[in-house]
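If you count by the UniProt record's numbering, then the sequence shown holds residues 1 to 211, one letter each, in order. Glycine included, every Cβ here is placed at the ideal spot set by N, Cα and C.
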Amino acid sequence: MTLIVQPATKENALQRGEVQLASNAHDPIMKSFMPDTPYDVQVKFFGEATAKDLEKPGFRTLEVIDTESDGKVVAFAQWKYPTPSSGMEKLGLEEMGFPDGTNIPFTESVFALYKGLLEKYYDAETMYYLAYMYVLPAYQRRGLGQRLMEQALLDADKDGAKAFVCASELGRGLYAKCEFKKVETVLVDFIRLGAVGARNTTAMIREPSQV
1 MTLIVQPATK ENALQRGEVQ LASNAHDPIM KSFMPDTPYD VQVKFFGEAT
51 AKDLEKPGFR TLEVIDTESD GKVVAFAQWK YPTPSSGMEK LGLEEMGFPD
101 GTNIPFTESV FALYKGLLEK YYDAETMYYL AYMYVLPAYQ RRGLGQRLME
151 QALLDADKDG AKAFVCASEL GRGLYAKCEF KKVETVLVDF IRLGAVGARN
201 TTAMIREPSQ V
């Protein structure tokens, strides 16, 4: 099996949407966003959201393809590099209109919670930010997460810059191996707004290593 890391392409947008949903199949947050939205509509929404970010200054989206499976996308990640005076630029999914079947009160509350963590710990002008990373279940525990972080962390070290991520419970161990440290854990609990469950998310910061 040959797995190659490459810059993400617009042509693979729908595949990235599929990867995102598959990797979060059991995540109570993802399951609560669009409870009444057909699967294909969700794939299109999340895939197109990643495509919107490809041409934005400072954004770096990488994907892993399996060359022995017709170049299928099996993982991807999006980094936001430090950009002077960029402020808190929105991700593509925040700019798009949500499809029918979206739990709007829940979605807005989750976005507000994450925005609060970003405003508290992340400086867009000086820090690197891992906005998201997803790996198909069948390809997990093969080092793809580390490969998707490797170049950005090397760049951060060269710049003497910190890196920030909001980690799920499943991802926290991987980030800890890459020298991210916990700064705050919050419970994402919006069951009162129709969520199917609750889980923790952890704000983590990595100090630059000496190059």
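- Of the candidates V74, S168 and G101, V74 places its Cα closest to the Cα of Y139.
- Of the candidates S209, L193, T201 and G145, L193 places its Cα closest to the Cα of P35.
- Under the DSSP assignment, M133 falls outside any alpha helix (DSSP H), being part of the beta strand (DSSP E) whose first and last residues are Y128 to V135.
- Secondary structure note for T2: it is in no beta strand (DSSP E), with a DSSP letter that is neither H nor E.
- Each of L54, P137 and V110 was checked against the Cα of S23, and the nearest Cα belongs to P137.
- Measuring C-alpha to C-alpha distances from S168 to each of D155, E184 and G160 identifies E184 as the nearest.
- Under the rule that a run must span 3 or more residues, the beta strand (DSSP E) segments found entirely inside the stretch 95 to 172 read 128 to 135 and 163 to 168.
- Collapsing the DSSP output to three states places N24 in coil.
- Taking a C-beta distance under 8 Å as the contact criterion, G47 and A13 qualify as a contact pair.
- Distance check between L187 and each of L117, Q210 and T126 places L117 closest, using alpha-carbon atoms only.
- Q210 carries a coil assignment under DSSP once its states are collapsed to helix, strand and coil.
- For V196, there is no enclosing alpha helix (DSSP H), since its DSSP letter is neither H nor E.
- DSSP, reduced to helix, strand and coil, places E18 within a helical segment of the structure shown.
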